[in-house]
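Trainee: Below you'll find the structure I mean.
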Amino acid sequence: MQIQTNVSLLPFNTFRINVNAKYFVEVKSIVELQEVLASDICKENKIFVLGGGSNLLLTKDFDGLVIRLGIKGITVCEQDGEVFVEGGAAEVWNDFVSYCVEKEFAGLENLTLIPGTVGAAPVQNIGAYGVEIKDTFHSLLAVEIKTGMLKSFSLAECNFEYRDSVFKSALKNQYIIVSVVFKLQKNAELKLTYGAIQDELKNRGIVNPTIKDVSEVVASIRVAKLPDPSTIGNSGSFFKNPVISKDAFQQLILAFPEMVNFALPNGNYKLAAGWLIEQCGWKGKQIGNAGTWKNQALVLVNCGGASGQEIFDFSSLIIQSVKEKFGVILEREVNIL
Ligand code: EPU
1 MQIQTNVSLL PFNTFRINVN AKYFVEVKSI VELQEVLASD ICKENKIFVL GGGSNLLLTK
61 DFDGLVIRLG IKGITVCEQD GEVFVEGGAA EVWNDFVSYC VEKEFAGLEN LTLIPGTVGA
121 APVQNIGAYG VEIKDTFHSL LAVEIKTGML KSFSLAECNF EYRDSVFKSA LKNQYIIVSV
181 VFKLQKNAEL KLTYGAIQDE LKNRGIVNPT IKDVSEVVAS IRVAKLPDPS TIGNSGSFFK
241 NPVISKDAFQ QLILAFPEMV NFALPNGNYK LAAGWLIEQC GWKGKQIGNA GTWKNQALVL
301 VNCGGASGQE IFDFSSLIIQ SVKEKFGVIL EREVNIL
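Residue numbers (my numbering): 1 to 337.
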């Protein structure tokens, strides 16, 4: 383990932005991480912890220490029909999901092909196709940045919400997640409520799907709609789906009867940001090297050689026009650095 200086972050972010970190280190174990946290360079500089770099927009050089997590490994513990699967923070999320699907452990199959790592998944409670990780999350281990001490977090302590957790709010920048345990089932019911999953199963003539069928169906839906970060730089959904009050919703739906919406249990309404952006004419549009994806307006793409600032400015134009047309404020989902 060696702290390097002036390192390009181009290989480490899926938006493919080329900025430099003043200091950079990769840690392969909890002990190495604790050593780095105790070092003078760490104590004297701001730090940024990098997972898969798939939910990140780098807008300028980072004048501090980037710690890249390399802590890997998967372990399984079975107990009374339940399976506890622990993944090291640096395991690629989709590899972890594939491992569970192959072993026929149910619970993560709807989250197939989400970019990122196991350690990053709880930070924003990743979700897709009617499932969020909070549904199968058991616990996680994290190292406190200030002290280097290990702490275990239960489900309740993580305060999971839609694309949110305690690690994005009260404990932001205080802990580094090193491993996560999921409680999966051997004979669970599959979650097939999401329309796109049902349609695709029907297309394939599948009546009683297996865990693997669901995973394959989700993969095909995602591949058809979302750009592959290995060929075109992107960070998945760039904005969150906005939530508005019932009053605001009732006014808007009068003016836009076609507006895609989901009623929430608390009386509020969630709107589809992709729909709002498309209605403002942004779908597939490009300005300079920044654009929105042709099949999903919620995903911003680096059309080639864009700077992070260029993509950020492009996202501001989208926020502005959605605000003007619908009076709805879009919030960025990706981390901006
Ligand atoms: N829509 C449009 N135009 C668009 C995009 C979407 O009209 O350009 C409409 C769709 O027709 C649909 C609705 O918006 O009626 C919702 O679209 P979709 O099912 O694609 O899901 P989403 O709300 O846009 C969310 C997550 C995705 C996740 C999908 C599937 C957020 C911010 N995004 O997208 O997560 O894969 O649901 O569950 O919640 C991510 O976070 O990076 C991500 C890709």
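From the three backbone atoms N, C-alpha and C, an ideal C-beta is built for every residue, glycine too.
1. Tell me, please, which residues DSSP counts as bridged to E26.
2. What three-state label does DSSP hand R222 in the structure shown?
3. Pairs of beta-carbons, one from the region 79 to 86 and one from the region 149 to 165, closer than 8 Å: are there three or more?
4. What does the Cβ neighbour count give for D63, buried or exposed, with the cut at 16 atoms within 10 Å?
5. For the putative contact between L190 and A106, defined by C-beta atoms under 8 Å, what is the C-beta separation to the nearest angstrom?
6. With DSSP as the reference, label E132 as helix, strand or coil.
7. Does the ligand EPU have a heavy atom nearer than 7 Å to the CB of N241?
8. Hey, A121 and S179 are a contact pair by Cβ (cut 8 Å); roughly how many whole angstroms apart?
9. With respect to the beta strand (DSSP E) encompassing L298, which residues constitute its N-terminal and C-terminal limits?
10. Give the secondary structure of W282 by DSSP, where H, G and I count as helix, E and B as strand, and everything else as coil.
11. The ligand EPU and W275: does the residue's C-beta get closer than 7 Å to at least one heavy atom of that ligand?
12. Between which two residues does the beta strand (DSSP E) containing I47 stretch?
13. Between the C-alpha atoms of I145 and S39, what's the straight-line distance to the nearest angstrom?
14. Do T59 and E91 have their C-beta atoms closer together than 8 Å?
15. Locate the alpha helix (DSSP H) running through L171, then write down its first and last residues.
16. Going by C-alpha to C-alpha distance, which of L276, N295 and W275 sits closest to G284?
17. Mind checking which residues open and close the beta strand (DSSP E) that includes G340?
18. So, are the CB atoms of F96 and I74 less than 8 Å apart?
19. So does S237 have its beta carbon nearer than 7 Å to some heavy atom of the ligand EPU?
20. What do you reckon, is the C-beta of Y269 under 7 Å from a heavy atom of the ligand NAP?
21. Just checking: is the beta-carbon of R332 within a distance shorter than 8 Å of some beta-carbon in chain C?
22. Taking the alpha carbon of I114 as the reference point, which residue from I221, G291 and E331 has its own alpha carbon closest?
23. Would you kindly work out how many angstroms separate the C-alpha atoms of Q124 and L50, rounded to a whole number?
24. Kindly confirm or deny that the region 231 to 240 and the region 206 to 222 touch, where touching means at least three C-beta pairs closer than 8 Å.
25. Taking I253 as part of the alpha helix (DSSP H), name the residues at either end of that continuous run.
26. Kindly give me the distance between the Cβ atoms of F238 and L300, rounded to whole angstroms, as I take these residues to be in contact under 8 Å.
27. Grab me the residues of E333's own chain with a C-beta within less than 7 Å of its C-beta, minus the 5 sequence neighbours each way, in chain order.
28. Under the three-state reduction of DSSP, which class applies to K60: helix, strand or coil?
29. If you draw a straight line from the C-alpha of K270 to the C-alpha of E44, how long is it?
30. In terms of residues, what are the limits of the alpha helix (DSSP H) holding F96?
31. For K225 and E35, what's the separation of their Cα atoms in angstroms?
Mentor: Taking the coordinates as given:
1. R68
2. helix
3. no
4. exposed
5. 7 Å
6. strand
7. N241 Cβ: within cutoff of the ligand EPU.
8. Between S179 and A121 the Cβ distance is about 11 Å, and since that is not below 8 Å, they are no contact.
9. DSSP places L298 in the uninterrupted beta strand (DSSP E) bounded by Q296 to N302.
10. coil
11. yes
12. I47 to L50
13. So the alpha carbons of these two residues sit roughly 12 Å apart.
14. In this structure, E91 does not lie closer than 8 Å to T59 by Cβ.
15. Segment: none, L171 is in no alpha helix (DSSP H) and carries neither H nor E.
16. N295
17. Nothing can be reported for residue 340: it is not among the residues displayed for the chain, which extend from 1 to 337.
18. yes
19. yes
20. Questions concerning the ligand NAP fall outside what the structure shown contains, since the ligands it does hold are the ligand EPU.
21. No chain C is present in this structure, which holds just one protein chain.
22. Per the Cα distances, I221.
23. 14 Å
24. no
25. K246 to A255
26. 4 Å
27. Cβ neighbours of E333 beyond the five flanking positions: R163, S237, F238, F239 and K240.
28. Of the three classes helix, strand and coil, the one that applies to K60 here is coil, per DSSP.
29. So the two alpha carbons sit approximately 43 Å from each other.
30. W93 to E102
31. 43 Å
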